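Using the working numbering, the first residue of the sequence shown is number 11, and each one after it goes up by one. Glycine is no exception: its CB is placed at the ideal position from the N, C-alpha and C atoms. This one's a predicted model, so the numbers in the text were calculated from it and none came from an experiment. The next block holds one structure in the form of structure tokens; read it before the comments.
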Amino acid sequence: MGYPVLGPEICGLKGGGCYQMFQGGAIIWTGTGIQISPAGPIRDRYAAMGFENGVLGYPTSGQVCGYAASGCVQTFQGGDIYWSPSSGAYAVAAGAIRSSFQRLGSENGQTGYPVSNEACGLKNGGCYQFFQGGSTIWSSATGAHFSPFGSIRYVWASQNFENGWLGYPYTDEYCNSSRECRQDFQGGSLIWTPTTGVSVYRR
Numbered sequence: 011m012g013y014p015v016l017g018p019e020i021c022g023l024k025g026g027g028c029y030q031m032f033q034g035g036a037i038i039w040t041g042t043g044i045q046i047s048p049a050g051p052i053r054d055r056y057a058a059m060g061f062e063n064g065v066l067g068y069p070t071s072g073q074v075c076g077y078a079a080s081g082c083v084q085t086f087q088g089g090d091i092y093w094s095p096s097s098g099a100y101a102v103a104a105g106a107i108r109s110s111f112q113r114l115g116s117e118n119g120q121t122g123y124p125v126s127n128e129a130c131g132l133k134n135g136g137c138y139q140f141f142q143g144g145s146t147i148w149s150s151a152t153g154a155h156f157s158p159f160g161s162i163r164y165v166w167a168s169q170n171f172e173n174g175w176l177g178y179p180y181t182d183e184y185c186n187s188s189r190e191c192r193q194d195f196q197g198g199s200l201i202w203t204p205t206t207g208v209s210v211y212r213r
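So, in structure tokens, the structure goes:
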């Protein structure tokens, strides 16, 4: 961490927290204990999201590296920040999208690392987040489901995503041993086979 800079320990943060700045980052204390927030892209993202006053709250772990593709992760009260050289640093906030990400294997699964933060404001209050392998889309009616880049997503996009007649997905894309893949939506299903491409089925 190097030498302390910018003066002594400062308290009076949210929830009675304290911090002190060092050449290599900050040491932060709260009821979650003492954690290090080292200088770098993860701390930069944490700063951009409002430090402890934002959705992430205080860190609950140190920064841990050695993840897939030379990635690093730090866990916070309200989610995690992931970083890799190819994706940059983005948060996966606690909630349905994070649960879907973890269910699919986190950065080791088909999603890969996040390449955006979660954003809301879609039709009927929906939210989405982009990952290296596609996007996860959530609505209160359907839950959170992953839409991987590929032929099925291309056809869904051609029908104006959740704003079209297909609406939101209510399953992930799933495949069988015959290499047939399918994803079900509010308005119908898209089914892909190697020989026929994508077929559209309305409800």
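If contact is defined by three or more beta carbon pairs under 8 Å, each pair taking one atom from either stretch, is the segment 151-171 in contact with the segment 89-96?
Too few Cβ pairs lie closer than 8 Å, so no.
Going by DSSP, what residue range makes up the alpha helix (DSSP H) through P51?
From DSSP, the alpha helix (DSSP H) with P51 extends over 51-58.
Give a yes or no on contact between the segment 135-155 and the segment 59-75, applying the rule of three or more CB pairs nearer than 8 Å.
For the pair of segments examined, the segment 135-155 was found not to touch the segment 59-75: the number of CB pairs separated by less than 8 Å stays below three.
Is the beta carbon of G81 sitting closer than 7 Å to the one on A104?
Not in contact: G81 and A104 (Cβ atoms no closer than 7 Å).
Going by alpha carbons, who is nearest to G35 out of S47, G115, W175, Q120?
Ranked by how close their Cα comes to the Cα of G35, the residues S47, G115, W175, Q120 have S47 in first place.
DSSP state of F141, grouped into three classes?
DSSP places F141 in the strand class (E or B) of the three-state scheme.
Expected contact under 8 Å - CB spacing of G198 and V208 to nearest Å:
That pair is no contact at about 12 Å.
Could you give the C-beta distance for Y68 and I20, rounded to a whole number, given that I count them as a contact under 8 Å?
Here Y68 is actually not in contact with I20; their C-beta atoms are around 15 Å apart, not less than 8 Å.
Strand pairing of Y13, partner residues [DSSP]:
Among the bridge pairs identified by DSSP, Y13 is matched with none.
Near L23, which residues of its chain fall below 7 Å by C-beta distance, leaving aside the five closest residues on each side in sequence?
Closer than 7 Å at Cβ, skipping near neighbours: Y29, E62.
Do you know offhand how far G25's Cα is from T42's?
Roughly 11 Å separates the two Cα atoms.
Determine the contact status of G60 and Q33, defining contact as a CB-CB distance below 7 Å.
No. Outside cutoff.
First and last residue of the uninterrupted beta strand (DSSP E) at Y77:
Y77 -> beta strand (DSSP E) spans 74-77.
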